[in-house]
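Just below is one structure, and these are the notes that go with it.
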Amino acid sequence: MNSLFFKHIDNSGLIIFRIVFGLLCALEAFGAIFTGWIRRTLIEPEFTFSFIGFEWLQPLPGNWMYVYYIIMGICGLMIMVGYKYRLSMLLFALMWTATYLMQKSSYNNHYYLLLLLSFIMVFLPANRYASIDVKLNTNLKQLSMPRWCKWVFVVQLFILYTYASVAKFYPDWLDTSVVALLMRGKADYPLIGELLQHQTVHYMIAYGGILFDGLIIPLLLFKETRKYAFFASIFFHLFNSIVFQIGIFPYMSLAFSLFFFEPKTIRDLFLKKKPFYNANEVILPNNRTLLISVFSIYFLIQIVLPLRQYFFEDNVLWTEEGHRLSWRMMLRSRSGSTNYSVIDQVTNNTIPIKLDDYLTKKQQRGASTKPDVIWQFAQHLKQDFAKKGKSVKVYVRSYVSINGKPSKLLIDPKVDLANEEWHHFKHHDWILPSK
Numbered sequence: 000m001n002s003l004f005f006k007h008i009d010n011s012g013l014i015i016f017r018i019v020f021g022l023l024c025a026l027e028a029f030g031a032i033f034t035g036w037i038r039r040t041l042i043e044p045e046f047t048f049s050f051i052g053f054e055w056l057q058p059l060p061g062n063w064m065y066v067y068y069i070i071m072g073i074c075g076l077m078i079m080v081g082y083k084y085r086l087s088m089l090l091f092a093l094m095w096t097a098t099y100l101m102q103k104s105s106y107n108n109h110y111y112l113l114l115l116l117s118f119i120m121v122f123l124p125a126n127r128y129a130s131i132d133v134k135l136n137t138n139l140k141q142l143s144m145p146r147w148c149k150w151v152f153v154v155q156l157f158i159l160y161t162y163a164s165v166a167k168f169y170p171d172w173l174d175t176s177v178v179a180l181l182m183r184g185k186a187d188y189p190l191i192g193e194l195l196q197h198q199t200v201h202y203m204i205a206y207g208g209i210l211f212d213g214l215i216i217p218l219l220l221f222k223e224t225r226k227y228a229f230f231a232s233i234f235f236h237l238f239n240s241i242v243f244q245i246g247i248f249p250y251m252s253l254a255f256s257l258f259f260f261e262p263k264t265i266r267d268l269f270l271k272k273k274p275f276y277n278a279n280e281v282i283l284p285n286n287r288t289l290l291i292s293v294f295s296i297y298f299l300i301q302i303v304l305p306l307r308q309y310f311f312e313d314n315v316l317w318t319e320e321g322h323r324l325s326w327r328m329m330l331r332s333r334s335g336s337t338n339y340s341v342i343d344q345v346t347n348n349t350i351p352i353k354l355d356d357y358l359t360k361k362q363q364r365g366a367s368t369k370p371d372v373i374w375q376f377a378q379h380l381k382q383d384f385a386k387k388g389k390s391v392k393v394y395v396r397s398y399v400s401i402n403g404k405p406s407k408l409l410i411d412p413k414v415d416l417a418n419e420e421w422h423h424f425k426h427h428d429w430i431l432p433s434k
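Heads up, the sequence shown is in numbering that gives the first Met the number 0, so the first residue is 0 and it goes up one at a time.
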């Protein structure tokens, strides 16, 4: 155990990863500004659908979210060059977490991964070489790191990819109908748009995704298969970047390869002037019991949290209960038509609700298809009318289609959602059965 966690190895991989990670954090922050993502997601909406329990987290007023993201971008650059590393990494982690929790309209697993990695990086000695911190204080300089700094990435990725692979074993993915729906929106892509509509390509994507997610980490760990797995990773992630346009994630995923190749290889490629550490000492820190305990608890949570979907009634594809934080990536397509009826409890009159008066088009998609967002909007309507001195009930009639199948009634139209409570670990009976 001591050798596995606390044997020191050359830290070249972590140093280069810090540089790449900081650059990608900066690109993510500045990119959100220049692509209009901040305007569409955080400024234009009247309010945002936060994670339930974090409703108090709302975007800053006016244009202050631009300043917020500029600060995050600067933090990314500071991480990259290793200047006040701990402070800049912690500040980025906290600010990114706040942004993540304050809105669900643009939820994806990649944002969640960046959240986890940001906090992991806070505790890693990633600024001990090729950093401004070392230039300002040479006592910080180190050529090695304990082996657990590598394994924290390997285990995290193994959990992520394993769950991503297992989640694809369901009929709509295996018969490629989901992939066909996803590719339909790419038909106008130059050069590859028409190719992406072929069923053979759909089978390659569907089953290639299962195999890649399930095998990539073991193949990268073994020297005999590492090179081939790396080239497969390049193709896989560049394909995802071009076709799905998912920001920095494909490039961050490629950067993880730094922890699988031999440290000497990384050093020879990127840090040729750096002395190579080859002492292989086992250095036991005084807090090793605490480190092992934290390591164990963290990964136990990472293993258990995605399993909660199996303890809810009905199918997660229908109810969405347990979907988030479970590495269920690009697995389904939801569309729907939803009508909200607000009833004045005093006069019993029906108050017409136009979604355009409250929500952006992007928010309307969530408020028409996802039970938790539907519930949140019902609560918002209740609070909005309470400010006007009215006590109301909110009823919802929502027809939802999963993966292009015929629409079915999702929400019990006889239940007043404004007076229902949300339970994080309990099925909600007002979500009608999928069968």
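Cβ coordinates follow ideal geometry from the N, Cα and C atoms, glycine included.
Just measuring C-alpha positions, the residue of V151, L93 and P351 sitting nearest S295 is V151. W421 is the residue among L23, W421 and L237 whose C-alpha sits nearest the C-alpha of Q375. Y84 counts as buried, since no fewer than 16 other beta carbons sit within 10 angstroms of its beta carbon.
Shown here, P305 sits in a helix according to DSSP, grouped into three states. Using a Cβ distance threshold of 8 angstroms, L86 and Y99 do not count as a contacting pair. From the listed residues T368, V19, V242 and R331, the smallest Cα separation to L409 is found for T368.
DSSP, reduced to helix, strand and coil, places L195 within a helical segment of the structure shown.
Cα atoms of L76 and T264: separation of roughly 26 angstroms, rounded to the nearest angstrom.
For H379, no beta strand (DSSP E) segment is defined; the enclosing uninterrupted segment is the alpha helix (DSSP H) at P370 to K386. Fully contained in the region 142 to 208 are the following alpha helix (DSSP H) runs of length 4 or more, in chain order: 147 to 166, 170 to 173 and 176 to 183.
Going by DSSP, S336 is part of the beta strand (DSSP E) stretching over R333 to D343. Residue burial annotation: W326 is buried, with at least 16 other C-beta atoms found within 10 angstroms of its C-beta. It is roughly 22 angstroms from the alpha-carbon of E320 to the alpha-carbon of L56. Taking C-beta atoms as the reference points, V395 and I430 fail to come closer than 8 angstroms. Per DSSP, V399 is one residue of the beta strand (DSSP E) stretching across V391 to I401. Closest option to Q196, judged by alpha-carbon separation, among G208, F211, T337 and V178: V178.
Cβ contact annotation for K167 (same chain, cutoff 8 angstroms, sequence separation greater than five): L173, A205, G208, I209, D212 and L330, in chain order. Judged by their CB atoms, I119 and V80 are not nearer to each other than the 8 angstroms cut-off.
For I241, the number of other beta carbons within 10 angstroms of its own is below 16, and it is reported as exposed. Going by DSSP, H236 is part of the alpha helix (DSSP H) stretching over K222 to F243. Within the model, the alpha-carbon separation for F298 versus F5 is close to 18 angstroms. Of all C-beta pairs linking the region 386 to 394 to the region 333 to 344, three or more are shorter than 8 angstroms, placing the two stretches in contact.
The beta-bridge partner set that DSSP reports for V281 consists of K6. Of the residues C24, S49, M182 and M144, the one whose Cα lies closest to the Cα of I8 is M144. Looking at the backbone, the Cα of P124 and that of A163 are separated by about 30 angstroms. If you draw a straight line from the Cα of T359 to the Cα of E54, it is about 18 angstroms long. Less than 8 angstroms separates the beta-carbon of F16 from that of L257. Burial state of K381 is buried, judged by a 10 Å Cβ sphere holding 16 or more other Cβ atoms. Going by beta carbons, S433 and D313 fall inside the 8 angstroms limit.
Take the alpha-carbon of E419 and the one of W317: they are about 20 angstroms apart. A residue is called buried when at least 16 other Cβ atoms come within 10 angstroms of its Cβ; H423 does not meet this threshold and is exposed. The alpha-carbon separation between P189 and I401 amounts to approximately 28 angstroms. When the alpha-carbon of A228 is set against those of R333, R323, F255 and D171, the nearest one is in F255. A direct Cα-to-Cα measurement between K404 and R146 gives close to 49 angstroms. For Y99, the enclosing alpha helix (DSSP H) begins and ends at Y84 to M101. DSSP places K273 outside both helix and strand once states are collapsed to three, so it counts as coil.
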